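Every letter in the sequence shown is one number past the one before it in this note's numbering, and letter 134, counting from 1, is 134. Beta carbons are placed, not taken as given, at the ideal position from N, Cα and C, and that holds for glycine. Here the structure is a predicted model, which is why all the values come from computation and not from measurement. Beneath this line is the structure, given in structure tokens, with notes to follow.
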Amino acid sequence: MTQYIEEFYPTHKKFLIGHSIGGIMIGLTPAYKIYSKIITIGLQYGYIKNFHRKDKPKVTFFFKIAIPILSKIYGFFPSQKVGMGEPIPKGIAHDWKKLIYFKKSIIDYADQTQNLFEEITKPILIISLDDDFMATPKAVDLFAELVLKNAKKKRLNIVPKEVGLEKIGHLDFFRGEK
């Protein structure tokens with residue numbers, strides 16, 4: 001996608017918007033360099049201990065049982081069947097699980113692949129949703145502090161009731177009915 005944008009819109013100012021894993025992965029590729037500014041929503045330092053106690057059984061079931069079994073059956077993780085958007089390739093779903101169970105989450109993963117996070121000095125708006133069980137404000141703050149060390153960060157936490165909504169959660173920010 002970034003190559004396409006760069007090829008067909010070379011003179012335009014470019015902004016990167018990444019939700020959850022899409023925000024988490026920005027430092028694993030030099031593609032972030034073409035963007036003037038970055039906005040992330042629900043990116044998190046996803047280590048299991050950063051989840052609320054009440055959500056840990058649900059997260060454990062999802063990553064240790066649902067993802068492996070459904071990925072084996074379908075050959076990919078059918079996230080659309082659980083209301084989570086488009087299907088996710090099996091390898092990506094497996095890597096996603098690592099972010100939850102590696103103590104240093106994305107840092108451990110990045111160190112095994114390509115860690116460019118410390119190079120990122122661009123302005124980044126980091127948005128969390130107060131009722132997001134996958135990306136708690138604490139986990140978002142940890143990502144900003146531990147991973148995006150050199151970025152020019154601005155933090156925004158959205159509380160659903162303060163914007164006239166009962167709930168937003170991890171995915172409803174992007175759903176049209178909200």
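Cβ-based burial, GLY23 [other Cβ within 10 Å; buried from 16]: Looking at its Cβ environment, which holds 16 or more other Cβ atoms inside 10 Å, GLY23 is buried.
Judging by CA-CA distance, which residue of PRO30, LYS54, PRO68 is the nearest neighbour of ASN115? The alpha carbon of ASN115 has as its nearest neighbour, out of PRO30, LYS54, PRO68, the alpha carbon of PRO30.
When the Cα atoms are used, what is the spatial distance from TYR47 to GLY164? 31 Å
Taking C-beta to C-beta, are TYR32 and SER105 nearer than 9 Å? It is not a contact, given that the beta carbons lie outside the stated cut-off.
Burial state of VAL147, where buried means 16 or more other Cβ atoms lie within 10 Å: Looking at its Cβ environment, which holds 16 or more other Cβ atoms inside 10 Å, VAL147 is buried.
Output yes or no for whether 9 Å exceeds the beta carbon distance between ALA144 and LYS153. yes
Within the continuous beta strand (DSSP E) that includes PHE15, where are the two ends? Segment 15 to 19, the beta strand (DSSP E) holding PHE15.
Please say whether PHE173 and HIS52 have beta carbons closer to each other than 9 Å? Pairing HIS52 with PHE173 gives a Cβ-Cβ distance that is not under 9 Å.
Strand pairing of ARG155, partner residues [DSSP]: ILE126
Taking Cβ to Cβ, would you say GLY169 is nearer than 9 Å to ASP132? yes
Here's the rule: buried if 16 or more other CB atoms are within 10 angstroms of the residue's CB, otherwise exposed. What is TYR4? exposed
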